Structures are given as C-alpha cells and as structure tokens.
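Everything below concerns the one structure shown next.
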Amino acid sequence: MKKKMISTVLAAALVLSIAPVQNLAFASEIQTAEVIWGVNFREAPSTSGEIIRMLKKGEDVQIISKVNDYWYEVKDKNGKVGYISANKKYTKPTNESGNNNELNLSEDTNSIADATIVRGVSFRTGPSTSYDRMRYLKTGEDVTIIEKVNKYWYKVLDKKGQAGYVSSSKKFIKLLSENNETSTPQNETDPDSNSNTDTNTDQGTEINSDAADQIIQAGMKYLGTPYEYGSNRNSTKTFDCSDFVRRTFIDALGVKLPYDSRQQADYVRDIGDTTTNWKNLQPGDLMFFMSYKGSKESSYSGINKSKQRITHVGIYIGDGKILHTYSKESGGVKVNNIENTHWEYRFVLGGSAIK
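Counting with my numbering, you get residues -1 to 353 for the letters of the sequence shown.
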C-alpha cells in the first residue's frame, strides 16, 4: 500500500514537472508583434472594456490568440494579459509561425477601405441619427471602414481603435483605398420602408449638450473682439459675423463652415431640418437674418422672409440670447437678447450646422 502511494506521488510530480516544458513549447509558437500606432490595451475584447493603459509605438507584445476579426489577446512586456485592436494600423507581426493555425495574422480583418473625413461629422454608437453621438470626427481625420451597413452608413474604426458609425455621404467621408467588399449588403434598409430603424442621414439633428457647450465656450472667449467687415479669415484680431461663426466652429469642433453667411445658411439647409421660429432652436444652432428695416415689428410686416437675402449670422446660446458681432459701434463680439427686438423680427431661419 505504501509503495503504491509513493508511486502515485512520483507520477504526479513527474506530470507537474513536464507541464512547464509543454507551456514553454507552446509559448515559442506564439506570434509576436510591434505596436506601430498607439493603441488602447483593454481588459476585455470590446471598446467598452476598461483601458489598462495605452501601448506606445514601438512596444513589442506577444499575441496569445485572435479572439475575432477585431481583437487580439496579447501579453505586454510586463507579462500583463489584455486585448488590443486587430487592425493592421496598430500592430505589425515581427515573426511568423507555421504551426499556429488558430492565429492567422495574414487574415483580412474585414476592412473595406481607408478613408478620410472631409467635413466634420457625428461619430455614433449605431447606424442612425437617433443613436448617441460619441464625438465629432474632425476634417482631416483618418478612419478605417470595417463595414458598409447600408447605403447611408459606414461602421468605422477611428485612430484610437474606437468603433462607431458615420454617414456614408461623400459630403463627409472620402475613400482613400478600397477592396471588393464595398458593395451594399443585401439586407440594406430602405428609409422609405416601414422599418423602425431610422437610417436616413439627411434629417436634422439636435446638437448634444457637450458639443453645444464647446461651441458656446469657444465663441465666448472672443467677447469684445472688434468688428471689421471682410475681416482676415486667418486672423482672430477682428471678425465680421460669418468669420466669427466660422472661427468658433473650428475652435470648438474642428468643423470648417463656408466663409459667408449666405453659404453658411445653405450649408445648414443642406444638412437637415431648419426652423423659422427661433424659439425652436437649440443652444449651438445658427441663426440667420435679413437686412435691418427698423426696430419695430411693423417694419417687417408683409415681408416674405423666405425670399429675403441673408445678411447676418449668429449663434443661439439659449435663454433667448444670441452671440454674434455686427458693428464697430456695438463693441464687437457680444451677447444680445432676441425677443421683442429687431433680431426677432429679422430672423429668417436657423438650425444645426453639425451632422
């Protein structure tokens, strides 16, 4: 009995002593990679996974497994295990293994195309204007398109590896390279159907509170800046009305609006819903006005404002107030009340300048 027990213990010890050797042999087959673009190192294979830290350019990692088309399980130089984007923008294999069949690093990550943002656009949590806006993608940002959801929406990865959805309109995004997967999927949603999914990107949207705050704060820092008609668009020493609005949106969101008030009005009309009642506006919306005819409401009676030429633009900041600039005598950039003033009587239309 005693001999049998000793034999069992020795056998178990032998198994345990061999196990590390087997693990080392497996580890030698694990793919290694170099980080070529800073990427989030997460606790779970999802953008909702908590960020452990940012892996810096030039760091080496061991890829333990390919979780799916979008994520690798990796081990960093400190032995910490976590997850990173599998996008080729972020990592470059440094050795190949012919035996690691589960991890095919040459496999396409379903990337359709590289693209660049040509006009500031909302980056959303789902393929509809009813989904939350995570942030604005600025003009000049590069993204990777990983799926064409339908003819209105792309699913993309931004430079930080965050996945989200953007309008596929050429007004907002330009494809730089593409493969043969850019055809629209068969389950494309027709916006004219009875589907409950809102896929039409051409409808108006409210600016979310974060963006509105950024717009208002960016504009308020210029309070008192002198007015100059035809001001230099490359300087912030003076502004006319449209230059002030344009500079505010560049500073706040990286969105470059057209140069004059009439073109800015067309831009807002092109994006979506507008209103002729200023009380329907949201903070951060733009307000457009006709020429001054007098300080009384009667001065504007009988005028078809929709036919009037746009001559002024400002930013609605809420509480019945407008932030704008319109003359040297008024003191440059300032805040005015709207109700029961010529600003109310001259108002033609307003709406969001953000998609």
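Glycine is no exception: its CB is placed at the ideal position from the N, C-alpha and C atoms.
Source: prediction; values computed, not measured.
Using DSSP bridges, identify the partner residues of residue i.
i    : result
I171 : I115
P91  : A31
K73  : Q60 and V79
H322 : K332
L347 : F286
Y314 : I320
R51  : F39
G162 : V154
F121 : R133
When you compare only the Cα positions, how much space is there between residue i and residue j?
i    : j    : result
S120 : S165 : 8 Å
I352 : G312 : 15 Å
V72  : K146 : 28 Å
E337 : L279 : 13 Å
F237 : I248 : 14 Å
I308 : S63  : 60 Å
S163 : T339 : This sequence places Tyr at residue 163; Ser is not what is there. Each residue's alpha carbon lies about 42 Å from the other.
T223 : Y134 : 27 Å
N148 : V154 : 13 Å
N76  : D58  : 11 Å
A84  : Q306 : 54 Å
G318 : S167 : 34 Å
N335 : E226 : 22 Å
T323 : F242 : 7 Å
I61  : G282 : 46 Å
G348 : Y150 : 25 Å
I315 : A250 : 14 Å
T274 : W341 : 13 Å
L173 : T30  : 31 Å
S126 : G252 : 22 Å
V65  : P43  : 8 Å
I143 : A161 : 9 Å
G228 : D258 : 10 Å
I'd like to check one pair, residue j with residue i: are the Cβ atoms closer than 9 Å?
i    : j    : result
K169 : D271 : no
G159 : V37  : yes
R40  : Y81  : yes
R344 : K254 : no
V141 : A263 : no
L53  : V33  : yes
T114 : I171 : yes
K358 : L221 : Only positions -1 to 353 of the chain appear in this structure, which leaves residue 358 out of reach.
T89  : Y68  : no
T123 : D112 : no
For chain C, find out if any of its Cβ atoms is closer than 9 Å to the Cβ of residue i; answer yes or no.
i   : result
G56 : Among the chains in the structure shown there is no chain C, since it carries only a single protein chain.
Contact the segment 215 to 223 vs the segment 286 to 293: 3+ CB pairs below 8 Å:
No, they do not touch.
With a floor of 3 residues, list each beta strand (DSSP E) that falls wholly inside the segment 127 to 151, ordered by position along the chain.
131 to 135 and 140 to 148
Can you find at least 3 beta carbon pairs, one from the segment 298 to 316 and one from the segment 229 to 237, that sit closer than 8 Å?
no
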